[in-house]
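Numbering (this note's numbering), first residue to last: 110 to 427.
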């Protein structure tokens, strides 16, 4: 089995590996390549990745305590240099982007970041990816191997594929990095209570919400509608009314929900980039000239403090 026909998928987030494997299967529609996952974790992570029906698992085990995810760069570079995969798919996490940039520089190849889909063009494979912080898309065809792509969570759906054989698990020794950042302190974040990338219905709050206590009424609507609550950046990083995990936008979450309901959202491009894949966009805003209405399928020019109670009552009576 030739190493030249391998596709590597790499991420420290196991759930994202499942989505990267789905992207790898699209690239491997002719079945000529094998799919190898690189796992940075414990035995339970190896077992979970094995359920994604990959052919090989390269397991970077025994990472010393206190080392950061990006400290596996040297180990990854030697692994890629040894096996020479044609394609490397890397999860577009903070650490994943750092690793991708360093791999591209060391291998002297280009990296195509924030890929949303793959297409077959006349001259071969092309990737459609976001540029200008998501303000536009470009269709780009790589010319040199290996090809490095970063893919964010929510761009590909993790498929359930039955495999008749267990993947080959190959332990990979951790190589101490040449240079590294020193971890001085670690603080636990509160556990995440939402995964907006997988939510089917999303209610998003904008600056039209006047007071933090008013969020409680929107939570009632979300409960009746069976929706997750999200927000624009000012409510999260500016006012701190909602956790950062609920912020939709360029540096936040990208959603592909069946329904997006924006309440008091003005619709600046930094936010609406994150909702371009929502199937139905409904906007409520007092300003008839609010930019959100240009992207909305349905718009209500009204005060959200009148609309929200009416929606709650109507859904209860339905």
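Quick reminder that beta carbons are idealized off the backbone N, C-alpha and C, glycines included.
Roughly how many angstroms separate the alpha carbons of residue 264 and residue 222, rounded to a whole number? 12 Å
Contact set for residue 370: own chain, Cβ-Cβ below 6 Å, skip 5 residues either direction: 312 and 391
Helix, strand or coil for residue 238, going by three-state DSSP, please let me know. strand
Suppose you measure from the CA of residue 374 to the CA of residue 340; what does that come to, to the nearest Å? 9 Å
With residue 414 as the anchor, note down where its alpha helix (DSSP H) starts and where it stops. 413 to 426
Given residue 400, which residues of its chain have a CB within under 6 Å of its CB, disregarding the five upstream and five downstream residues? 376
Across which residues does DSSP place residue 184 in a beta bridge pair? DSSP, once it has assigned bridges, lists no residue as partnering residue 184.
Tell me the rounded alpha-carbon separation between residue 188 and residue 407. 51 Å
Could you tell me which whole beta strand (DSSP E) segments of length 3 or greater appear in the stretch 349 to 387? 368 to 372
Coarse secondary structure for residue 119, derived from DSSP in three states: strand
On the three-pair Cβ rule with 8 Å, is the stretch 211 to 228 touching the stretch 243 to 258? yes
Taking the straight line between their C-alpha atoms, what separation do you get for residue 282 and residue 170? 7 Å
Classify residue 161 as helix, strand or coil using the three-state DSSP reduction. coil
Taking the alpha-carbon positions, what's the residue 121 to residue 338 distance? 27 Å
Inter-residue spacing [alpha-carbon to alpha-carbon] between residue 388 and residue 353: 24 Å
I think residue 393 touches residue 411, with their Cβ atoms under 8 Å apart; what is that distance to the nearest whole Å? 6 Å
Do residue 181 and residue 166 come within 8 Å of each other at the CB atom, strictly closer than that value? no
CA-to-CA distance, residue 256 to residue 396, given in whole angstroms: 46 Å
Note the first and the last residue of the continuous alpha helix (DSSP H) segment covering residue 100. Because the chain spans 110 through 427 in this model, residue 100 falls outside it and cannot be assessed.
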